[in-house]
Structure formats: structure tokens, C-alpha cells
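Number of protein chains: 2
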Amino acid sequence: MTDSPPKLRDAPPADPGAARPYHHGDLRAALLAAAEDELADRGVEGFSLRQVAKRAGVSHAAPAHHFGDAQGLLTALAAEGFRQFLAAQAAREAVAPPDPGEQLVAAGLGYVDFAMTRPALFRLLWQSERPDFTDADLGQAARAAFQHLVDQVAAAGGDSTADEGAVWAMAHGLADLLAAGRLESMLTLPGETREAMIADILRRALPPRGASATG
Amino acid sequence: MTDSPPKLRDAPPADPGAARPYHHGDLRAALLAAAEDELADRGVEGFSLRQVAKRAGVSHAAPAHHFGDAQGLLTALAAEGFRQFLAAQAAREAVAPPDPGEQLVAAGLGYVDFAMTRPALFRLLWQSERPDFTDADLGQAARAAFQHLVDQVAAAGGDSTADEGAVWAMAHGLADLLAAGRLESMLTLPGETREAMIADILRRALPPRGASATG
DNA sequence: AACCATATCCTGACAGTGTCAAGATTAGGA
DNA sequence: TCCTAATCTTGACACTGTCAGGATATGGTT
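Chains A and B, in that order, are what the protein sequence lines are.
Take the first sequence: its letters are residues 1 to 215, numbered as in my numbering.
Take the second sequence: its letters are residues 1 to 215, numbered as in my numbering.
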């Protein structure tokens, strides 16, 4: 990932002194950005809608007009998060060899990238019960991420439930443990060494050589 | 796992009508059991200390005398959970072939067993920020679980950071995704088929054949 | 230019939460 | 028997999410 991830932020964060106009301008985007900051600071379990409103410089009930309730805000944030999650994988794939296996490894590296770069958002996507996963937009974004995996596994010469499960589980396990600060002996490695190791580990999950693409 | 996991429950759940004695008898154990039920019903993020007290049939402030605050209760529950987590692995190992590799696979199956049998508790251990992981008892229990993995990896002929990470990540990824209800195509398989598949997937993470035990 | 329907945002209220302080009740030892 | 300490309850406070109703600005219409 060469360039920084796209920020949701838009409006300046409540410039005190300057009489804030009654209408914010782009409160929706500001709230999403504030919500991600809040998640990063206090964690998913310490998340407070009122604090998010305070961060954005609006009253505690303002978010309701854009997201309904707290779940609505977190659902919208999660949907946007899944899209950026997929983008993180695509960014790695773009600079990887075109070989299907290497593309799959690259996607795994992007998976881990996202988890380590934005752990709070990663936790919201995968470890939280607060977003409404039956929401249409969120469901579509999440399904797109999964479908990308399925396609890649098929391209790499495996299409069984086992192959999908193995690749997904390995990438997810690495991402989750690393984002949570576990796997300390790996976190203390220099960046390039660690990346090479993660790639090697991801390769273990790939469909066995010579696996048929039908089945 | 032949026998049901040891329940923390001890006292009957607030027999209404019978005048409850002022002193509970074993409120500490009852609160731990009620807390796990509460986690199962409302999730880690919906956890309410007052609800736990209500479940146990005591006043809302009673838990404080045994656990200090909500974090204390969840910390104690997590410590107990880690011990049972390790026990779930040991149960699988006991009925597996003595081969080091198969023992490692068995541990992974126990890992997944625990996650699928008691998903709420699993989430508390691995995906929550509420327990105090600097607590001595919890830290020791968690470290014991990790140490067990390290020992097993070493016995299986690998002792590098990469081998530990691969095995841990694969087991953890499978457990996490399955406990969260993802990997649907795997969840719908009949029990034995699924178990065999999980075992096969776990084997992919094992140290490569002929790896030296030194390094 | 004047107006108004509507979107946007605020204030105030309510029930529920975790935690603290102070009092009531019981157990166990002197 | 009495007294100390542990156990549990009651009441209060600040905080949370959400709802109802009022204030303010916007953009199109006349």
C-alpha cells in the first residue's frame, strides 16, 4: 500500500471560536470519520454515539437524521469498510505476479494489511455484532469480498469447500491475530522479513499442486 | 468431547416464591454461570452487569463484592474460559494417535470444538477488549494456552516463528469463522465429513516434511 | 423578490447502564 | 453472648441510546 487509505473525513473538526453554522455541510461523512476515530480510540465495545456527535461538533441527536440509530451508523461504516477492505487486497494484487497462486497470496497480504493498518475497522467488520449484517448495502459489500475469494481460489486451481476454507481461514487467522497484537514474535520482525514470512505461511493454505479445477 | 463441559453453575437460579436467603451461598460461581448465559444471549457487546445480577437473583450491586466491577467479572470468566479452552484441546489429543503431527491436528480440532460449542465464551477470549488481559490469573491462563501450542509445534518438528504462526493462524481462523457462522458451505456438511475436512485443512499448516527441529 | 415545504439540527426528556456510598443482614470466632 | 467482618441491599450519580417536539436554514416555486 503506497498511498494512504482514503479518509472518510471531509469537514474540519469543529473549529472552536468560529461560529459554527447551523447546517454542517457534509455531516454524514464527518460522522463516519468521527465514528472510525471513536472506534480506534475506545474500541468497538466502548463506542459511544454521543461521543461521535461531540467529535463532529454537533448535538447528540444529530446522527439520527442521517443514520437512524447507532446501529445504522455502524452499518454504514462497516459497508464502507468492506469496500476498502477489498481495495486493500486489490492494491496488493496489482503489484503481484499474474500467477493465480501469487495473486491469492497477494490478496492475503492485503487482507493482513487492512487488519494491521486499521484494526478498529477490521474488528467492526469481523468481530462485532453491532452492524446490521442483513442490511442490503452491507450485505452486498460483504458478499463481494467473499466472492472475490471464491473467484481467486477457482482461478488458482481449486474450487472445493476445503480450498476456500483453508485460504480464507489462514488469511483471516493471521489478520486477526496480528491485528490483536498477538503473534508477538512475528510483530517484532522487520517489515520485509515479516511480509515474506506471511507470504510463505499463506502459501501453505493454497490448493495442493496438481489439484483439478473441476469438482 | 464425550462429556459435557464443566458448568460453572452451582446454585439454583433464583427460585421464586421460596424466600431467598440473604446470603446466597456461592454467589461467585452463580454469577460466573449467569455471565456466560448472558454472553450467549446478548453477546459480548450487549452484556449487562445488572442483567447478570438479575439472572442470579441478587441486587444490581452484589457482583461488586466478588469481582469489583464488570471488567473484573469478565476477567475471571475469561480466565476460567482459557482453562476450559485448553481442556477442550486436551480432550481431543487424548483420543488421537500419539504421532506429534496428529496431536497438533487434534489440538486444532479441540480449538474449533470450543469455538463452536461455546461461541460466546470464545469471543470473550479472543475478540473482546473488556477483560483485563494484564490480570495475573488471566495472563497465566492465556499464556498456558499459547505455551501448549509452542510445545506441540516443537514436538512436531518445527519451532520457528513461521511454524507457530501458521498452525495458530489456521486453527484460529477456522475457529473464528465457524463460530461466527461464516463458512456456510462447511457448516452444512454432516458432522463427520466436516471434521475430516477440518483435519485436512489443519494439516496444511503443519511444518513442512523433513523440517529440522533446530533453528 | 417573497414564500413555504422540507431537510437539517437542537433541546429536553426517559429508561437503562456501571459504579460508588451508606445502611441492613448474616456468619463465624472470641 | 457479643462483636467483627463478610455479604448483600438500597439509593444516588453521571453516562448512554432513543424519542418527541421545536428551531433554523435551504432550494424551488410563484
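Glycine included, C-beta positions come from ideal geometry on N, C-alpha and C.
Whole-angstrom distance between residue j and residue i, CA atom to CA atom
{"i": "His66/A", "j": "Ser160/B", "result": "51 Å"}
{"i": "Met186/A", "j": "Glu164/B", "result": "10 Å"}
{"i": "Ala144/A", "j": "Val167/A", "result": "16 Å"}
{"i": "Ala199/B", "j": "Ala64/B", "result": "44 Å"}
{"i": "Asp10/A", "j": "Val52/A", "result": "Caution is warranted here: a pLDDT of 32 is assigned to Asp10/A, below 50, making its placement in the model unreliable, and the coordinate value is therefore given only provisionally. Between Asp10/A and Val52/A, the C-alpha separation is close to 15 Å."}
{"i": "Glu129/B", "j": "Ala29/A", "result": "27 Å"}
{"i": "Thr134/A", "j": "Arg83/A", "result": "17 Å"}
{"i": "Ala169/A", "j": "Arg50/B", "result": "37 Å"}
{"i": "Arg194/B", "j": "Leu32/A", "result": "40 Å"}
{"i": "Gly181/A", "j": "Thr188/A", "result": "10 Å"}
{"i": "Leu73/B", "j": "Asp41/B", "result": "17 Å"}
{"i": "Ala136/A", "j": "Gly191/B", "result": "32 Å"}
{"i": "Ala70/B", "j": "Leu109/B", "result": "32 Å"}
{"i": "Pro5/B", "j": "Gly68/A", "result": "Confidence is the limiting factor: at Pro5/B the pLDDT is only 40, short of 50, which leaves the residue's position unreliable, though a coordinate-based value still follows. When rounded, the distance between both Cα atoms is 42 Å."}
{"i": "Ile201/B", "j": "Thr117/B", "result": "20 Å"}
{"i": "Ala142/B", "j": "Ala79/B", "result": "7 Å"}
Same chain, Cβ closer than 8 Å to residue i, neighbours up to 5 away in sequence not counted
{"i": "His172/B", "result": "Tyr111 and Trp126"}
{"i": "Gly43/B", "result": "Ala120 and Arg123"}
{"i": "His148/A", "result": "Leu86, Gln89 and Ala107"}
{"i": "Leu177/A", "result": "Leu183"}
{"i": "Val153/A", "result": "Leu104, Asp159, Asp163, Glu164, Val167 and Pro207"}
Environment of residue i [buried if 16+ CB atoms lie within 10 Å]
{"i": "Pro207/A", "result": "buried"}
{"i": "Ala75/A", "result": "Ala is not the amino acid found at residue 75/A; the sequence shown has Thr there. Counting Cβ neighbours within 10 Å, Thr75/A comes out buried, since at least 16 surround it."}
{"i": "Thr214/B", "result": "Only weak support is given to the placement of Thr214/B: the predicted model assigns it a pLDDT of 41, under 50, and the value that follows is read from those uncertain coordinates. Exposed is the call here."}
{"i": "Asp26/A", "result": "exposed"}
{"i": "Ser59/A", "result": "exposed"}
{"i": "Gln140/A", "result": "exposed"}
{"i": "Ala91/A", "result": "buried"}
{"i": "Pro98/A", "result": "exposed"}
{"i": "Glu93/B", "result": "buried"}
{"i": "Ala61/A", "result": "exposed"}
{"i": "Asp151/A", "result": "exposed"}
{"i": "Gly81/A", "result": "buried"}
Contact list for residue i against chain A, beta-carbon separation under 9 Å
{"i": "Gly157/B", "result": "Per Cβ cutoff of 9 Å: no residues; Gly157/B is ~15 Å from chain A at best."}
Closer than 9 Å at the beta carbon, the chain B residues around residue i
{"i": "Thr75/A", "result": "Within chain B, no residue comes near Thr75/A; the closest Cβ sits about 14 Å away, beyond 9 Å."}
Proximal chain A residues relative to residue i, where beta-carbon distance stays under 8 Å
{"i": "Val44/B", "result": "Glu45 and Glu129"}
Contact list for residue i against chain A, beta-carbon separation under 7 Å
{"i": "Arg204/B", "result": "Ala166, Arg204 and Ala205"}
Close-in-space but distant-in-sequence residues of the same chain around residue i (CB under 6 Å, 5 per side omitted)
{"i": "Ala219/A", "result": "In this structure chain A extends from 1 to 215, so residue 219/A is not present and cannot be described."}
{"i": "Arg204/A", "result": "none"}
{"i": "Leu77/B", "result": "Leu32 and Ala35"}
{"i": "Asp132/A", "result": "Gln71 and Thr75"}
Cutoff 7 Å; reference residue i; Cβ partners in own chain excluding five residues on either side
{"i": "Phe47/A", "result": "Glu38 and Leu39"}
{"i": "Gly101/A", "result": "Ala156 and Leu206"}
{"i": "Ala196/A", "result": "none"}
Beta-carbon neighbours of residue i, restricted to chain B and to distances below 7 Å
{"i": "Ala78/A", "result": "Those do not exist, as Ala78/A stays about 13 Å from chain B at its closest Cβ, beyond 7 Å."}
{"i": "Asp200/A", "result": "Ala162"}
Taking only beta carbons into account, state which residues of the region 96 to 130 of chain A come closer than 8 Å to chain B, listed in chain order. Closer than 8 Å at the C-beta level to chain B, one finds these residues of the region 96 to 130 of chain A: Arg123, Trp126, Gln127, Ser128, Glu129 and Arg130.
query: Listed in chain order, which residues of the region 166 to 197 of chain A have Cβ atoms closer than 9 Å to some Cβ of chain B?
result: Ala166, Trp168, Ala169, Met170, Ala171, His172, Gly173, Leu174, Ala175, Asp176, Leu177, Leu178, Ala180, Arg182, Leu183, Ser185, Met186, Leu189 and Met197
Going along the region 137 to 162 of chain B in order, which residues come within less than 7 Å of chain A, judged by CB to CB distance? Taking 7 Å as the upper bound on Cβ-Cβ separation, chain A lies near residues Thr161 and Ala162 of the region 137 to 162 of chain B.
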